[in-house]
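The structure appears below as structure tokens.
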Amino acid sequence: KAIRSALAAVMQQDIVKARGHIVPSNYPFILTSDIENVNLTKKAVEILGKLNLTNELTRAAQKSVRAGKGKLRGRKYQRKTGPLLVVSKDCSLEKSACNIPGIDVVQINNINAELLAPGTHLGRLTLFTQAAIEKLGKEKLFL
Numbered sequence: 007k008a009i010r011s012a013l014a015a016v017m018q019q020d021i022v023k024a025r026g027h028i029v030p031s032n033y034p035f036i037l038t039s040d041i042e043n044v045n046l047t048k049k050a051v052e053i054l055g056k057l058n059l060t061n062e063l064t065r066a067a068q069k070s071v072r073a074g075k076g077k078l079r080g081r082k083y084q085r086k087t088g089p090l091l092v093v094s095k096d097c098s099l100e101k102s103a104c105n106i107p108g109i110d111v112v113q114i115n116n117i118n119a120e121l122l123a124p125g126t127h128l129g130r131l132t133l134f135t136q137a138a139i140e141k142l143g144k145e146k147l148f149l
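Residue numbers (this note's numbering): 7 to 149.
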């Protein structure tokens, strides 16, 4: 139930904006499956920039000093959560986008409520590939 609620929330632009993401005007949209073959971090950043996510990437790249005693306990910096990219299978995008701060890449069958709603706050900016949507419907995941 939690995954279904989180999946429904990521498709609504007003909920995603209320969470603090900088959302393009044409959100939500589905990416072509060709993006799964991107094997360089530079190309991944370039593609995300063409999708008008440059402001979101700079928001996620900033880190701030945590308030409280967490600083003393090894958790000095905190960082905003950026976009989540959902792919259909193990692909080169998982490796190339792992060095972009705030971005997570996950396969559709490994998705969970913590990735879709970090810190229990619904509405993470999520981008699905066409193949991931087809796999979601074909295998009837999360029903």
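C-beta: ideal position from N, C-alpha, C; glycine also.
Query raised in the report: For E100, which residues from the same chain have a beta carbon less than 6 angstroms from its beta carbon, with the 5 sequence-adjacent residues on both sides left out?
Result: V111
Query raised in the report: Roughly how many angstroms lie between the CA atoms of L54 and T135, to the nearest whole one?
Result: 13 angstroms
Query raised in the report: Under the DSSP definition of a beta bridge, which residues are partnered with V29?
Result: Its beta-bridge partners do not exist; DSSP assigns none.
Query raised in the report: Straight-line CA distance for K7 to P89?
Result: 22 angstroms
Report task. State the Cα-Cα distance for the pair D96 and K56, rounded to the nearest angstrom. Result -> 24 angstroms
Requested in this report: Using 10 angstroms around the beta-carbon of I106, count the other beta-carbons present and answer buried if the total reaches 16, otherwise exposed.
Outcome: buried
**Report entry** First through last residue of the beta strand (DSSP E) which encompasses V153
**Finding:** In the structure displayed, the chain extends from 7 to 149; residue 153 sits before or after that span and is not available.
**Report entry** Expected contact under 8 angstroms - CB spacing of I109 and R65 to nearest Å
**Finding:** That pair is no contact at about 12 angstroms.
Query raised in the report: Taking Cβ positions, are N61 and P30 nearer each other than 7 angstroms?
Result: no
Requested in this report: Indicate whether the contact test is met: 3 or more Cβ pairs, each with one atom in the region 125-141 and one in the region 12-29, closer than 8 angstroms.
Outcome: yes
Requested in this report: Give me the Cα-Cα distance between L78 and K86, rounded to the nearest whole angstrom.
Outcome: 20 angstroms
**Report entry** Cβ pair A12, A138 closer than 7 angstroms
**Finding:** no
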